[in-house]
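Engineer: Here it is: the structure, laid out below.
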Amino acid sequence: MSTSNILTEFLNMEETNKNTVENQEEEEENLKFQASEIDYVSYGGEHHLPLIMGLVDSELSEPYSIFTYRYFVYLWPQLSFLAFHRGKCVGTVVCKMGEHRNTFRGYIAMLVVIKPYRGRGIATELVTRSIQVMMESGCEEVTLEAEVTNKGALALYGGLGFVRAKRLFRYYLNGVDAFRLKLLFPSPLLHPSLSMMAERDDSHWHNNDHIPIEECSEVH
Ligand SMILES: CC(C)(COP(=O)(O)OP(=O)(O)OC[C@H]1O[C@@H](n2cnc3c(N)ncnc32)[C@H](O)[C@@H]1OP(=O)(O)O)[C@@H](O)C(=O)NCCC(=O)NCCS
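Going by the UniProt record's numbering, 125 is the number at position 125 of the sequence shown; the sequence numbering is gapless.
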């Protein structure tokens with residue numbers, strides 16, 4: 001390739017990069033929306049599954065199989081929420097609840113908001129909605145794990161009242177340690193239908209090969 005061709009190609013690349021940056025800036029500039037423009041819906045069926053998977057796969061370090069996603073959303077559809085802006089899915093939270101060492105507790109498995117929509121309270125709203133359902137369902141506490149390096153998530157959960165209960169050495173497949181975070185509620189009486197659900201959940205996760213690693217560590 002001649003020197004002038006290389007130079008032309010270089011200039012073209014520079015132009016493309018400039019356009020990409022300008023497009024991103026334009027996208028963020030266009031994102032002047034009111035909080036009321038975000039619609040929050042609970043998991044509504046199979047059509048939501050690819051949206052959740054797309055967001056989580058692109059933003060979380062831990063890989064999950066479709067069985068894992070189905071485990072959560074089929075058993076606890078009322079605990080998973082999606083945030084939409086003008087029809088586009090911009091955030092999601094996926095959770096479960098069940099009996100654990102004589103307590104009935106909620107667990108936040110996945111939480112993602114796409115980059116251009118961060119810092120606008122969307123994750124807070126998603127998590128708060130899930131926690132609200134957990135409380136109404138009789139949970140006494142909520143737990144989750146977050147990478148010790150994930151400043152954003154740690155700040156968000158700290159602001160919601162979660163405390164660091166444990167440090168889990170090399171917890172993630174990428175070798176990073178985790179903090180187990182915990183939020184305690186006042187302890188209401190467990191609703192009878194939830195006791196039945198908890199029994200069913202327990203047998204399910206002891207026999208299921210597809211439970212994510214954090215779930216396995218929870219039951220020991
Ligand atoms: C973590 C994440 C879900 C936060 O989403 P978000 O919609 O931006 O969060 P919110 O706007 O509700 O933030 C609420 C509070 O959390 C804290 N926070 C959120 N992101 C932060 C960051 N990057 N740095 C510092 N604090 C942060 C702030 O205190 C914020 O309140 P403020 O805006 O009033 O200061 C988002 O950054 C994300 O999807 N990250 C990648 C996936 C991930 O890490 N998920 C969590 C796994 S445990």
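The beta carbon of each residue, even a glycine, is placed where N, CA and C say it ideally should be. Being a predicted model, the structure only gives us computed values, none of them experimental.
1) Leaving out five residues on either side along the sequence, give the residues of the same chain with a beta carbon under 8 angstroms from the beta carbon of Thr128.
2) CA-CA distance, Glu99 and Tyr107?
3) What did DSSP end up calling Thr149 once you bin it into helix, strand or coil?
4) Runs of 4 residues minimum, wholly inside the UniProt domain "N-acetyltransferase" (36-186): which ones carry the alpha helix (DSSP H) assignment?
5) Taking 6 angstroms as the cut-off, is the CB of Asn150 close to at least one heavy atom of ligand 1?
6) Alpha carbon to alpha carbon, how far is Tyr74 from Arg180? Give it in angstroms, no decimals.
7) Cα-Cα, which of Cys89, Ala165 and Arg105 is closest to Glu37?
8) Please go through the same chain and pick out, in chain order, the residues whose beta-carbon is closer than 7 angstroms to the beta-carbon of Tyr172, but skip the five residues on each side of it.
9) When you measure from the CB of Val94 to every non-hydrogen atom of ligand 1, does any distance come out below 6 angstroms?
10) Apart from the five residues just before and just after Ile52, which ones in its own chain have a Cβ nearer than 6 angstroms to its Cβ?
11) Can you tell which of Thr124, Asn150, Glu145 and Ser130 has its C-alpha closest to the C-alpha of Val94?
Structural biologist: Concretely, from the data shown:
1) Leu160
2) 11 angstroms
3) DSSP places Thr149 in coil when its eight states are reduced to three.
4) 49-59, 66-75, 122-136 and 151-159
5) yes
6) 25 angstroms
7) Cys89
8) Ser61, Glu62, Glu147 and Ala178
9) no
10) Result list for Ile52: Thr92, in chain order.
11) Ser130
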